[in-house]
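**Student:**
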Amino acid sequence: MSGRIRMRFRTNAAVAATVVAAAAAATWSCSSGAGADVGADTGAGAVEEGTILTVRTAPAVRSESFGRRSLYRGQIEARRRSEVGFDLAGTLERVVVDEGDRVADGAVLAELDTRRLEARSRQLEAAVAEARTAYDLATSTLDRFERAAQRSAVSPQDVDEARRARDSAAAALDRTRAERDLVEVDLEKSRLRAPFRSLVVERRLDEGQVVMAGTPVLVLLEVDRPRARVGLPIEAARALEREESVDVRVGQEVYPARRLALLPEQATATRTVDVLLELDASLGELRVGETAVLSLEDRSQASGFELPLAALTESSRGLWSVLVTVPVSADEAAPARATHRIEQRPVEVVELDTSGDAGARALVRGALQEGDLIVLDGLQRLVVGQWVIAETVDAGRPALATSAGVEAGEAVR
Numbered sequence: 000m001s002g003r004i005r006m007r008f009r010t011n012a013a014v015a016a017t018v019v020a021a022a023a024a025a026t027w028s029c030s031s032g033a034g035a036d037v038g039a040d041t042g043a044g045a046v047e048e049g050t051i052l053t054v055r056t057a058p059a060v061r062s063e064s065f066g067r068r069s070l071y072r073g074q075i076e077a078r079r080r081s082e083v084g085f086d087l088a089g090t091l092e093r094v095v096v097d098e099g100d101r102v103a104d105g106a107v108l109a110e111l112d113t114r115r116l117e118a119r120s121r122q123l124e125a126a127v128a129e130a131r132t133a134y135d136l137a138t139s140t141l142d143r144f145e146r147a148a149q150r151s152a153v154s155p156q157d158v159d160e161a162r163r164a165r166d167s168a169a170a171a172l173d174r175t176r177a178e179r180d181l182v183e184v185d186l187e188k189s190r191l192r193a194p195f196r197s198l199v200v201e202r203r204l205d206e207g208q209v210v211m212a213g214t215p216v217l218v219l220l221e222v223d224r225p226r227a228r229v230g231l232p233i234e235a236a237r238a239l240e241r242e243e244s245v246d247v248r249v250g251q252e253v254y255p256a257r258r259l260a261l262l263p264e265q266a267t268a269t270r271t272v273d274v275l276l277e278l279d280a281s282l283g284e285l286r287v288g289e290t291a292v293l294s295l296e297d298r299s300q301a302s303g304f305e306l307p308l309a310a311l312t313e314s315s316r317g318l319w320s321v322l323v324t325v326p327v328s329a330d331e332a333a334p335a336r337a338t339h340r341i342e343q344r345p346v347e348v349v350e351l352d353t354s355g356d357a358g359a360r361a362l363v364r365g366a367l368q369e370g371d372l373i374v375l376d377g378l379q380r381l382v383v384g385q386w387v388i389a390e391t392v393d394a395g396r397p398a399l400a401t402s403a404g405v406e407a408g409e410a411v412r
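Read in numbering that gives the first Met the number 0, the sequence shown has 409 at position 410, and its numbers run on one by one without any break.
See below:
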């Protein structure tokens with residue numbers, strides 16, 4: 000019983016569908032007849048004026064070469080990274096900066112307890128004064144002995160001993176001054192200074208801790224001109240040797256970069272060569288570890304028309320075609336606002352580049368002429384013979400040659 004009900008339901012549904020289809024056909028026939036009456040002399044492809052579509056077009060330009068863009072990813076790194084510390088032992092008295100602070104070249108970062116050194120400095124100042132007094136006395140004694148020797152009042156031996164005493168006092172003065180200068184150097188070394196304009200990324204020690212010589216207190220990253228390290232295949236690395244400057248994309252921003260070095264060692268695991276690129280930016284704009292994308296173009300010699308892949312539609316037997324807009328001729332009775340009519344042209348895809356997110360491109364040959372207006376997008380809305388309004392994209396913009404990572408119609412960076 001249930002089977003008969005199910006069969007009856009299917010039969011009724013089929014009949015209803017047939018009726019709806021017949022009604023739609025009748026409506027379409029009436030509509031078509033009315034349209035024929037309104038535009039009896041307009042010919043095939045004429046439509047009501049209110050349904051005319053506007054399409055984006057660009058003139059076909061012949062190209063003698065085709066470029067493929069390859070994207071290579073690397074990382075942003077600081078030009079210099081230093082774990083700075085004191086080169087003498089002592090007690091950490093003060094840390095002036097904290098993590099995240101920017102510091103100028105030569106700025107004081109931290110200080111050691113210098114009371115012992117200051118006391119030693121005062122002691123040596125007194126020793127220098129004492130040595131200077133001894134030297135002055137020895138010099139005066141030598142002068143008196145030399146004048147007395149001219150009158151034969153003292154022997155030459157006495158003069159020699161006075162001269163030797165003067166020289167010994169001079170040496171003692173120099174030694175004491177050197178000891179004092181050494182303490183002054185230690186006092187200066189008790190202040191930890193930034194070796195370059197940098198950003199504090201890590202603080203290792205706090206006040207009150209005893210610091211051994213060479214123990215890192217802070218970790219610094221150089222702020223100016225960070226660089227990108229990108230691994231390239233050998234062929235791409237050789238091509239980059241001819242380029243002095245390139246563009247590197249980090250996030251949504253593109254930065255000009257200068258090639259610093261192409262390292263001579265090939266990584267065993269990845270079979271790539273590292274290239275170092277200096278970016279015209281600072282660590283305020285970029286962060287260490289961010290992904291940097293280098294886009295390189297490899298051009299091959301091939302003649303044809305370069306089109307965005309969105310302008311192509313697949314035809315039968317694996318062929319491709321494009322839609323072009325042909326201006327309305329004087330003998331065509333087109334709707335008032337229509338400027339062009341859609342035609343289809345078969346083409347052959349010679350080269351293809353799908354490396355970009357929004358910039359897939361193809362180099363094609365076929366029934367195209369220089370200056371033909373190619374429909375750029377929205378092909379699914381159009382049929383051959385349809386009247387349209389053609390909106391031509393500025394020829395100065397590379398609408399027919401979008402590249403990897405660049406929005407359609409946007410200039411290639």
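The beta-carbon is built from N, C-alpha and C at its ideal position, and this holds for glycine as well.
These numbers were taken from a predicted model, which means no experiment stands behind them.
#1: Secondary structure at ILE51, three-state DSSP: helix, strand or coil?
#2: Quick test of the definition: if touching needs 3 or more C-beta pairs under 8 Å, does the region 87-103 touch the region 205-223?
#3: Would you say ASP135 faces chain C, with C-beta separation under 8 Å as the test?
#4: Taking 6 Å as the limit between beta carbons, can you name the residues of its chain near GLU47, skipping five residues before and five after?
#5: Give a yes or no on whether the C-beta atoms belonging to VAL346 and LEU367 are separated by under 8 Å.
#6: Between ALA161 and VAL96, what straight-line distance do the alpha-carbon atoms span, to the nearest angstrom?
#7: Whose C-alpha, out of ARG150, ASP185, GLU129, SER151, is nearest the C-alpha of ALA170?
#8: Assuming GLU313 and ARG360 are in contact, meaning their beta carbons sit under 8 Å apart, how far apart are those beta carbons, in whole angstroms?
#9: Evaluate ALA280 with the Cβ neighbour count: other Cβ atoms within 10 Å of its Cβ, from every protein chain shown; 16 or more gives buried, anything less gives exposed.
#10: Across which residues does DSSP place GLY84 in a beta bridge pair?
#11: For PRO263, which of ASP273, ALA256, TYR254 has the nearest alpha-carbon?
#12: Judging by CA-CA distance, which residue of GLU183, LEU285, GLN300, ALA329 is the nearest neighbour of GLN122?
#13: How should GLN149 be labelled, buried or exposed, when 16 other C-beta atoms within 10 angstroms of its C-beta is the threshold for buried?
#14: State the DSSP-derived secondary structure class of GLY34, mapped to helix, strand or coil.
#15: Return the bridge partner residues of ALA260 from the DSSP annotation.
#16: Roughly how many whole angstroms lie between the Cα atoms of THR132 and ASP159?
#17: Closest to VAL229 by CA distance: which of ARG176, PRO255, GLU82, SER294 is it?
**Tutor:** Reading off the structure:
#1: As a first step, residue 51 must be located in the sequence shown, where it is residue number 52. Coil at ILE51, not helix or strand.
#2: Between the region 87-103 and the region 205-223, the count of Cβ pairs shorter than 8 Å is three or higher; the stretches touch.
#3: Considering every chain present, this structure includes no chain C. It has just one protein chain.
#4: Stepping through the sequence shown from its first residue, residue 47 is reached at position 48. Low local confidence applies: a pLDDT of 43 at GLU47 is under 50, so the model's placement there is unreliable, and no value is given.
#5: As a working note, residue 346 is residue 347 in the sequence shown. As a working note, residue 367 is residue 368 in the sequence shown. Their beta carbons are under 8 Å apart, which means VAL346 touches LEU367 by this criterion.
#6: Walking along the sequence shown from the start, residue 161 turns up at place 162. Walking along the sequence shown from the start, residue 96 turns up at place 97. C-alpha separation (whole angstroms): 57 Å.
#7: In the sequence shown, the residue the question calls residue 170 occupies position 171. Nearest Cα to ALA170 within the set ARG150, ASP185, GLU129, SER151: GLU129.
#8: Here residue 313 refers to the residue found at position 314 when the sequence shown is read from its first residue. Here residue 360 refers to the residue found at position 361 when the sequence shown is read from its first residue. Contact doesn't hold; Cβ gap of about 16 Å is too wide.
#9: For the purposes of this step, residue 280 is taken as the residue at position 281 of the sequence shown. Buried, because 16 or more other Cβ atoms sit within 10 Å of the Cβ of ALA280.
#10: Here residue 84 refers to the residue found at position 85 when the sequence shown is read from its first residue. Residue pairing by DSSP places GLY84 opposite PRO215 in a beta bridge.
#11: Within the sequence shown, numbered from 1, the residue matching residue 263 stands at position 264. Nearest to PRO263 by C-alpha distance, out of ASP273, ALA256, TYR254, is ASP273.
#12: Here residue 122 is taken as the residue at index 123 of the sequence shown, counted from 1. Closest by alpha carbon: GLU183.
#13: Position 150 of the sequence shown holds residue 149. By the C-beta density criterion, GLN149 is exposed, having fewer than 16 other C-beta atoms within 10 angstroms.
#14: What you label residue 34 is simply residue 35 of the sequence shown in a count that begins at 1. Confidence is the limiting factor: at GLY34 the pLDDT is only 35, short of 50, which leaves the residue's position unreliable and the question unanswerable from this model.
#15: For the purposes of this step, residue 260 is taken as residue 261 along the sequence shown, with counting starting at 1. Answer is LEU275, bridged to ALA260.
#16: Taking the sequence shown and counting its residues from 1, one reaches residue 132 at position 133. Taking the sequence shown and counting its residues from 1, one reaches residue 159 at position 160. Looking at the backbone, the Cα of THR132 and that of ASP159 are separated by about 20 Å.
#17: Counting from one through the sequence shown, the residue named residue 229 turns up at place 230. Here the closest residue by C-alpha is SER294.
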